[in-house]
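Below is one structure, written out as structure tokens, with a few remarks after it.
Number of protein chains: 4
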Amino acid sequence: MSYTELKREVFEANLELQKRGLVIYTFGNVSQVDRAKGVIAIKPSGVAYEDMRADDMVIVDLDNQIVEGTLRPSSDTKTHTHLYRHFATIGGVTHTHSTHATAWAQAKLAIPCLGTTHADFVYGEVPCTAEMSAEQVARDYEEETGVQIVRAFADRDPLAAPMVVVAGHAPFTWGKDAAKSVYHAVILEEIARMAFLTRTLAPQGDLLARSVMDKHYFRKHGKNAYYGQA
Amino acid sequence: MSYTELKREVFEANLELQKRGLVIYTFGNVSQVDRAKGVIAIKPSGVAYEDMRADDMVIVDLDNQIVEGTLRPSSDTKTHTHLYRHFATIGGVTHTHSTHATAWAQAKLAIPCLGTTHADFVYGEVPCTAEMSAEQVARDYEEETGVQIVRAFADRDPLAAPMVVVAGHAPFTWGKDAAKSVYHAVILEEIARMAFLTRTLAPQGDLLARSVMDKHYFRKHGKNAYYGQA
Amino acid sequence: MSYTELKREVFEANLELQKRGLVIYTFGNVSQVDRAKGVIAIKPSGVAYEDMRADDMVIVDLDNQIVEGTLRPSSDTKTHTHLYRHFATIGGVTHTHSTHATAWAQAKLAIPCLGTTHADFVYGEVPCTAEMSAEQVARDYEEETGVQIVRAFADRDPLAAPMVVVAGHAPFTWGKDAAKSVYHAVILEEIARMAFLTRTLAPQGDLLARSVMDKHYFRKHGKNAYYGQA
Amino acid sequence: MSYTELKREVFEANLELQKRGLVIYTFGNVSQVDRAKGVIAIKPSGVAYEDMRADDMVIVDLDNQIVEGTLRPSSDTKTHTHLYRHFATIGGVTHTHSTHATAWAQAKLAIPCLGTTHADFVYGEVPCTAEMSAEQVARDYEEETGVQIVRAFADRDPLAAPMVVVAGHAPFTWGKDAAKSVYHAVILEEIARMAFLTRTLAPQGDLLARSVMDKHYFRKHGKNAYYGQA
Numbered sequence: 001m002s003y004t005e006l007k008r009e010v011f012e013a014n015l016e017l018q019k020r021g022l023v024i025y026t027f028g029n030v031s032q033v034d035r036a037k038g039v040i041a042i043k044p045s046g047v048a049y050e051d052m053r054a055d056d057m058v059i060v061d062l063d064n065q066i067v068e069g070t071l072r073p074s075s076d077t078k079t080h081t082h083l084y085r086h087f088a089t090i091g092g093v094t095h096t097h098s099t100h101a102t103a104w105a106q107a108k109l110a111i112p113c114l115g116t117t118h119a120d121f122v123y124g125e126v127p128c129t130a131e132m133s134a135e136q137v138a139r140d141y142e143e144e145t146g147v148q149i150v151r152a153f154a155d156r157d158p159l160a161a162p163m164v165v166v167a168g169h170a171p172f173t174w175g176k177d178a179a180k181s182v183y184h185a186v187i188l189e190e191i192a193r194m195a196f197l198t199r200t201l202a203p204q205g206d207l208l209a210r211s212v213m214d215k216h217y218f219r220k221h222g223k224n225a226y227y228g229q230a
Numbered sequence: 231m232s233y234t235e236l237k238r239e240v241f242e243a244n245l246e247l248q249k250r251g252l253v254i255y256t257f258g259n260v261s262q263v264d265r266a267k268g269v270i271a272i273k274p275s276g277v278a279y280e281d282m283r284a285d286d287m288v289i290v291d292l293d294n295q296i297v298e299g300t301l302r303p304s305s306d307t308k309t310h311t312h313l314y315r316h317f318a319t320i321g322g323v324t325h326t327h328s329t330h331a332t333a334w335a336q337a338k339l340a341i342p343c344l345g346t347t348h349a350d351f352v353y354g355e356v357p358c359t360a361e362m363s364a365e366q367v368a369r370d371y372e373e374e375t376g377v378q379i380v381r382a383f384a385d386r387d388p389l390a391a392p393m394v395v396v397a398g399h400a401p402f403t404w405g406k407d408a409a410k411s412v413y414h415a416v417i418l419e420e421i422a423r424m425a426f427l428t429r430t431l432a433p434q435g436d437l438l439a440r441s442v443m444d445k446h447y448f449r450k451h452g453k454n455a456y457y458g459q460a
Numbered sequence: 461m462s463y464t465e466l467k468r469e470v471f472e473a474n475l476e477l478q479k480r481g482l483v484i485y486t487f488g489n490v491s492q493v494d495r496a497k498g499v500i501a502i503k504p505s506g507v508a509y510e511d512m513r514a515d516d517m518v519i520v521d522l523d524n525q526i527v528e529g530t531l532r533p534s535s536d537t538k539t540h541t542h543l544y545r546h547f548a549t550i551g552g553v554t555h556t557h558s559t560h561a562t563a564w565a566q567a568k569l570a571i572p573c574l575g576t577t578h579a580d581f582v583y584g585e586v587p588c589t590a591e592m593s594a595e596q597v598a599r600d601y602e603e604e605t606g607v608q609i610v611r612a613f614a615d616r617d618p619l620a621a622p623m624v625v626v627a628g629h630a631p632f633t634w635g636k637d638a639a640k641s642v643y644h645a646v647i648l649e650e651i652a653r654m655a656f657l658t659r660t661l662a663p664q665g666d667l668l669a670r671s672v673m674d675k676h677y678f679r680k681h682g683k684n685a686y687y688g689q690a
Numbered sequence: 691m692s693y694t695e696l697k698r699e700v701f702e703a704n705l706e707l708q709k710r711g712l713v714i715y716t717f718g719n720v721s722q723v724d725r726a727k728g729v730i731a732i733k734p735s736g737v738a739y740e741d742m743r744a745d746d747m748v749i750v751d752l753d754n755q756i757v758e759g760t761l762r763p764s765s766d767t768k769t770h771t772h773l774y775r776h777f778a779t780i781g782g783v784t785h786t787h788s789t790h791a792t793a794w795a796q797a798k799l800a801i802p803c804l805g806t807t808h809a810d811f812v813y814g815e816v817p818c819t820a821e822m823s824a825e826q827v828a829r830d831y832e833e834e835t836g837v838q839i840v841r842a843f844a845d846r847d848p849l850a851a852p853m854v855v856v857a858g859h860a861p862f863t864w865g866k867d868a869a870k871s872v873y874h875a876v877i878l879e880e881i882a883r884m885a886f887l888t889r890t891l892a893p894q895g896d897l898l899a900r901s902v903m904d905k906h907y908f909r910k911h912g913k914n915a916y917y918g919q920a
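Protein chains in written order, with the working numbering: chain A, 1 to 230; chain B, 231 to 460; chain C, 461 to 690; chain D, 691 to 920.
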């Protein structure tokens, strides 16, 4: 059983993070799941993007056991696998410390839907998790990061808001595969930057009207979508 | 009847959007009208800039019927054609979600004329449209976006302020052709950025004096202009 | 009498403006004076940087008469010559609409000396001119821009603050030659950006202590300077 | 006794400053100590990065006497040697005027620990020194800059917060060698930028919870670290 293709996709998605300017040094990590095989490929921990090869990606099962690979997987691996176990529809996960999204996370604020750029990708606000308790941190920090994210989606479809900011920490994004989760990381950074500027210009400004939000979201998503090529 | 040259100009204007850093992924779209033939060429919907060829531009008449092309035109096509029908003097239209102009749109604020960089291109403020009603959104969203823009110019010459921010959405700009509309999109982003910084430094600061605004605008526009080469 | 070398230096200084990211399109202009010959070379008006050649620089005397050149000189020429006539020690002048310096100009605020980066180059604040009266604008706008700048230096050595922001407009900088005036334009943009961020963080923060300002300025300027190579 | 390797490492670390966009022109300087030989290599004063060669690095002993080199050492040399004399565990020092870190220095504010990006590298706040007295400035400015930094670490391990902002001035960072001190300069600029944005969004926001700060810092540092490869 070979993971060559899975590793290659994850490797390229990780490189894309750097090309898009979302990470410096060894920051960030991307994974993709193979649900049939019950494994994910994920970036190794603390390896420079310049030195990384596709074969350095680590294959881990959904209980966090290493299946293949000589390097340690990302220290955030348990957050990734937690998301795959609880969000059945996602295929890829990205974690970055991109500047503006991280500022919202550090401010412990959800990103309100202030315009159509946001509504094109996210239905409603980008949630911010609740802060973790000291007990959670002590118990299993990375696993509990996943717990906090899943709780923030108790009433929401994770594909209708494929992104979150973790309070005090930074964003996680996801999608149908690794590449799409990186795409959402780029979109989130831009949404977060626009929302920062908007709130600075008009601290008490209104949200985007519900009718416009619905229009933009549903013209790109769901059975009546008409954006893009058929 | 061939549209080769029209498509080429629109294609290059769309690429320029990306080169100037105003768009990511498939964001943004540019069109140009051929008034004699009663058609526009416009970017196809949701196609990556890297993959686009001149021949992918879609030819649409001013009633939004596809005349030539195998791809779907931009989902914003009806806004473009609405502008061409109501603004008789314009030849090209650009739509972006450039960061700072979009922030003003999301704040639902016109961009005040705070300096000569603005007055070199726009006489008076860059208008912000009124918000659309839920009825308008339901009726024909993209057409009604054009309606809101045209209303914002009820008392103004669209060439004296070749740009607008649509409340909750993002900017549209125009000019004598596609290339000039992109030029105005770049200028708007810079004006919007400067105005953001100025308002942050001096929230209650005065507008640019009327005499200086007139001087700058009219030294570049109209019969007494003396900027540039004769 | 040939101006080849003068034109070349001014041409290269203009290109440097673009390389340093201080200008877009045809924004900005740089000149240099040859005091022995009583002329300046200056960028032509409204010509794209990509198309410009050294020989396009226009030679103008200090009374604004064209001495050599087939193109119109910059529309700001009278401001440049006014500065050369009144500031005997300067050899080059640069005008840009660089983003952060322009924001201070638009806010009609002098840039306070908040740190050593500023004090390394400017002794005291970067002045902001008084606003021009409507009469001045009508009389001879570009000449009067020079008048306002010179007035702002009534009590100051223009080489001890080789830069100014013109209220409602944008910065002018100068130095011993064209290259040095561009250097000061780059420095001003960075000082203006740092001051913007500092004022946002601490709106009522103190100025840099006088003793530190003196230390930094005089370790780089004057007879006791010890920065750089002897 | 040859310093070829020491000079090469310091030269490359200085170039890295420029590649990472932390400095313009001749701003910034990096040094590294050889404790066995009792010397440091440091960037020469006021030399352009483009013109610099490895052999231009100046070898200075810890009493600031030039041991080898034909150029003047950085005007900040005494600050560097002061740090090496008082912080026994550090091997490299970097000084920049990077934009956001300098803004915090100019605001005379320590950078609070607002998120995990910060906690991954710095335990607790990034300190801001006390302002220097006029007497200190007059006595020996560069030496006293070192004094102020060391005082800010009276109760702290300099490796647990390998960076400081000097009030009214700019940052200094350090690490086990020159390369690591540059790495910390890049990290500081990013931390400072995120903290600026966070404080603008939420001026009264809470610090990062102590439990999370401990978790992030200690998963990367100390005997129980598990980030990166073993």
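Even glycine gets a Cβ: it sits at the ideal position worked out from N, Cα and C.
Computed from a prediction, not measured in an experiment: that's the story for all the values here.
The three-state reading of DSSP puts residue 836 (chain D) in helix, counting H, G and I together. Burial check for residue 909 (chain D): the Cβ neighbour count within 10 Å reaches 16 or more, so the residue is buried. No Cβ of chain C is located within less than 9 Å of the beta carbon of residue 242 (chain B). Taking 9 Å as the cut-off, the Cβ atoms of residue 553 (chain C) and residue 589 (chain C) do not count as close. Taking 7 Å as the Cβ-Cβ cut-off, the segment 329-356 of chain B approaches chain C at 344, 345, 346, 347, given in chain order. The alpha-carbon of residue 374 (chain B) is positioned some 18 Å away from that of residue 404 (chain B).
Within chain B, not a single residue places a beta-carbon under 9 Å from that of residue 16 (chain A); the smallest gap is close to 12 Å. Close to residue 325 (chain B), with beta-carbon spacing below 9 Å, lies no residue of chain A; the smallest spacing is near 11 Å. The Cβ of residue 901 (chain D) sits closer than 9 Å to at least one Cβ of chain A. Under the 9 Å criterion on CB atoms, residue 214 (chain A) is classed as interfacial with respect to chain B.
The Cβ-Cβ distance between residue 354 (chain B) and residue 386 (chain B) falls below 9 Å.
Remark: C-beta atoms of residue 901 (chain D) and residue 780 (chain D) do not approach each other more closely than 9 Å.
If you compare the alpha carbons of A:159, A:13, A:197 with that of residue 87 (chain A), the shortest gap goes to A:159.
When C-beta atoms of the segment 490-498 of chain C are compared with those of the segment 462-470 of chain C, three or more pairs fall below 8 Å, so the two segments count as touching. With contacts defined as CB atoms closer than 9 Å, residue 644 (chain C) and residue 562 (chain C) fail to qualify as a contacting pair. Contacts with chain A at 9 Å (Cβ-Cβ) do not include residue 261 (chain B).
The shortest C-alpha to C-alpha distance from residue 694 (chain D) to any of D:713, D:825, D:732 is the one to D:732.
Under the DSSP assignment, residue 9 (chain A) falls in the alpha helix (DSSP H) whose first and last residues are 4-19. For residue 162 (chain A), the nearest beta carbon of chain D is not closer than 9 Å to its own beta carbon. What residue 736 (chain D) touches in chain C, judged by beta-carbon distance under 9 Å, is 680, 687, 688, 689, going in chain order. When Cβ pairs closer than 8 Å are counted between the two stretches, the segment 279-291 of chain B is seen not to touch the segment 190-200 of chain A, the count staying below three. Secondary structure note for residue 291 (chain B): its beta strand (DSSP E) is the uninterrupted segment 288-291. For residue 172 (chain A), the pairing in a beta bridge is given by DSSP as A:95, A:164.
Per DSSP, residue 899 (chain D) lies in no beta strand (DSSP E) segment and is marked neither H nor E. The segment 26-55 of chain A is shown to contain whole beta strand (DSSP E) runs of 3 or more residues at 29-34, 39-42, in chain order. Sequence-distant Cβ neighbours of residue 769 (chain D) in its own chain, meaning closer than 6 Å and more than five residues away, are 832, 835, 836. Contact between residue 20 (chain A) and residue 186 (chain A) is confirmed by a C-beta separation of about 5 Å, below the 8 Å threshold. Of the other Cβ atoms in all chains shown, 16 or more fall within 10 Å of the Cβ of residue 28 (chain A); this residue is therefore buried. Within 10 angstroms of the beta-carbon of residue 255 (chain B) lie fewer than 16 other beta-carbons, which makes it exposed. At least one CB of chain D lies nearer than 9 Å to the CB of residue 137 (chain A).
Fully enclosed beta strand (DSSP E) runs of no fewer than 3 residues occupy 92-95 of the segment 70-138 of chain A, in order along the chain. Using a Cβ-Cβ cut-off of 9 Å, residue 890 (chain D) is close to 660, 661 of chain C, given in chain order. Residue environment for residue 496 (chain C): exposed (fewer than 16 other C-beta atoms within 10 angstroms of its C-beta). Assigned with DSSP and collapsed to three states, residue 421 (chain B) falls in helix. With respect to the 9 Å criterion, residue 76 (chain A) and residue 97 (chain A) are not classified as neighbours on the basis of their beta carbons. With respect to chain C, the C-beta atom of residue 416 (chain B) has a partner C-beta closer than 9 Å.
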